[in-house]
Amino acid sequence: MFGKVKRIHFIGIGGIGMSGIAQVVKNLEFKVTGSDLKIGDAVKVLRKQGIKVFKGHHPRNIGKADVVVYSSAVTSDNIELITARSKQIPTIPRAEMLAELMRMKIGVAVAGTHGKTTTTSLVGAVLEAGGLDPTVVIGGRLMTTGRNYRLGESRYLVVEADESDASFLHLSPVFIIITNVEREHLDFYHDLEEIKTSFRKFTEKVPFWGSVIINSDHIVNQALIPTIKKRIVTYGLYNSADIRGADVEWTNWSSRFKILYQDKVLGRLKISLPGIHNIQNCLAAVAIGIELGISFSKIRRGLLNFPGVHRRMEMIGEARGVLFFDDYGHHP
C-alpha cells in the first residue's frame with residue numbers, strides 16, 4: 242500500500258478528523274509523526290499509541306517524511322508545509338489521504354450539514370453487528386471506546402465526508418449518505434446553489450453498482466434528488482421514502498418506531514437517542530444495512546446497543562430536576 246512510502250507526517254494532527262486518520266495509518270504499520278499548536282486530549286492519546294507529536298510547527302519536524310498530510314486549518318504559509326514543498330516532498334490534504342485509504346475498500350461516505358458524525362457512527366455499528374468488521378473514521382469520539390476511529394480487518398471503510406471546502410470530491414465511495422444540505426460554509430461557497438452543485442458532483446463519484454442514500458424529508462434534498470443520475474434509496478418519515486419510520490412513540494430519553502421498507506413492515510426499533518433527527522439518522526443506517534444484505538435482526542441489534550457519541554446531545558448530569566447536556570455544533 243502507498244508504494245515506497247513508509248513515513249507520513251501530519252500537520253495539525255490534533256484535529257478530530259486528522260487524529261483518527263493518523264491512528265488508522267499507524268495501525269497499518271506506517272511510521273507516523275505529527276505536529277500541532279496545542280497538546281490536547283487527542284494528542285495525548287496519539288502519544289500513548291507511540292506516535293511522536295511535536296508541539297508547534299518547525300521545519301525540523303518534517304524529518305524524513307515521504308509524504309506530508311495537512312488539515313483544512315493549515316494555511317499555505319505554514320512553515321512545515323513550505324519546508325516539505327521546498328524539499329519536493331508530496332503534500333496532500335486530509336481528504337486525499339482518506340481517499341487513498343478508501344481506494345482499495347468498499348467505501349461508505351456520510352455527507353451533509355447536520356448529523357454526519359452520529360450517522361457515520363450508527364452505520365459503523367450496523368456493519369459491525371452484521372459481521373462486516375468495518376474500519377470507521379468519524380469526527381467525534383465513540384462512547385464505547387472513546388476513540389474517533391474503529392480499525393477493522395474487512396474491505397469496508399465508513400467515513401465522515403467533509404463538504405466544507407468541497408474536499409469530499411477527492412473520495413470515491415461506493416455508497417453515499419446525504420443527511421441534509423443547507424446554506425453554510427459561505428467563506429468557500431458563494432450560495433446554496435453552489436453547495437448543491439458540489440453535492441451533485443459528489444454523487445457522480447458513485448459507481449454504477451453503488452447507490453446514493455438520501456434523506457427525502459429535507460426540502461433541499463428533495464430538489465437535489467431529480468439531478469442525481471445514480472441509483473437512489475430514500476429514507477425519512479414521509480410516505481414517499483423507501484426506508485420509512487412510522488408510528489413514533491416517545492418515552493423519556495428514547496423513542497420507539499416502526500420501520501418499513503418499500504411499505505413492508507420490517508419491525509419496530511427502540512433507540513436511546515433523542516429527537517426526530519436521530520430517527521432519521523437511524524433510518525440512514527438501516528438503509529445502508531439493507532443495501533449490504535444485513536438482516537434486519539442484526540441491524541436492529543446494532544442500533545439498539547448504540548450508546549451515542551461524545552458531545553452529541555450527551556447527558557452529563559442532573560441537578561435539582563434540571564438535565565445538563567454537552568452538545569457540540571458549528572451550525573445550529
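Reading the sequence shown from the start, the letters are residues 242 to 573 in the numbering used here. A virtual CB, placed ideally from N, CA and C, is assigned to each residue, including glycine. All of these numbers come straight from a predicted model, not from anything done at the bench.
DSSP puts alanine 560 in a beta bridge; with which residues?
Paired residues: Val563.
Which residues share a DSSP beta bridge with valine 367?
None; valine 367 has no bridge partner.
Using the three-state DSSP reduction, which class does serine 362 fall into: helix, strand or coil?
Three-state DSSP puts serine 362 in a helix.
Please list the terminal residues of the continuous beta strand (DSSP E) segment that includes aspartate 406.
First-last for aspartate 406: undefined, no H or E at that position.
If we count the other Cβ atoms within 10 Å of its Cβ and call it buried at 16 or more, is leucine 322 buried or exposed?
When all chains shown are included, leucine 322 counts as buried.
Rounded to the nearest angstrom, what separates phenylalanine 251 and alanine 325 at their Cα positions?
Spanning the two alpha carbons is a distance of roughly 11 Å.
What would DSSP say about serine 538, mapped onto helix, strand or coil?
Three-state result, serine 538: helix.
Report the residue from Ile436, Thr386, Thr468 and Ile333 whose alpha carbon sits nearest the alpha carbon of threonine 316.
Out of Ile436, Thr386, Thr468 and Ile333, Ile333 has the C-alpha closest to the C-alpha of threonine 316.
Using a Cβ-Cβ cut-off of 6 Å (strictly less than) and excluding sequence neighbours within five positions of valine 461, which residues of its own chain qualify?
Once the five neighbours on either side are set aside, the close Cβ partners of valine 461 are Val422.
Have a look at valine 563 and isoleucine 303 and give me their C-alpha separation to the nearest angstrom.
Approximately 50 Å between the Cα atoms of the pair.
How would you write the range of the alpha helix (DSSP H) that histidine 518 sits in, first residue to last?
Its alpha helix (DSSP H) spans residues 517-532.
Helix, strand or coil for threonine 385? Go by DSSP, reduced to three states.
Coil.
Could you check if asparagine 264 is buried or exposed, using at least 16 other CB atoms within 10 Å of its CB as the buried criterion?
For the sequence presented, residue 264 should be read as glutamine rather than asparagine. The residue is buried, with at least 16 neighbouring Cβ atoms inside 10 Å.
Please report the distance separating the alpha-carbon of threonine 386 from that of valine 364.
Those two C-alpha atoms are separated by around 16 Å.
Enumerated in chain order, which unbroken segments of the alpha helix (DSSP H) with a length of 4 residues or greater are wholly contained in the segment 285-360?
If we require 4 residues or more, the alpha helix (DSSP H) runs fully inside the segment 285-360 come out as 320-327 and 335-344.
Using C-beta distances below 6 Å, list every residue in its chain close to lysine 357, excluding the 5 sequence neighbours before and after it, in chain order.
Excluding residues within five positions, the ones whose Cβ falls inside 6 Å are Val351 and Glu401.
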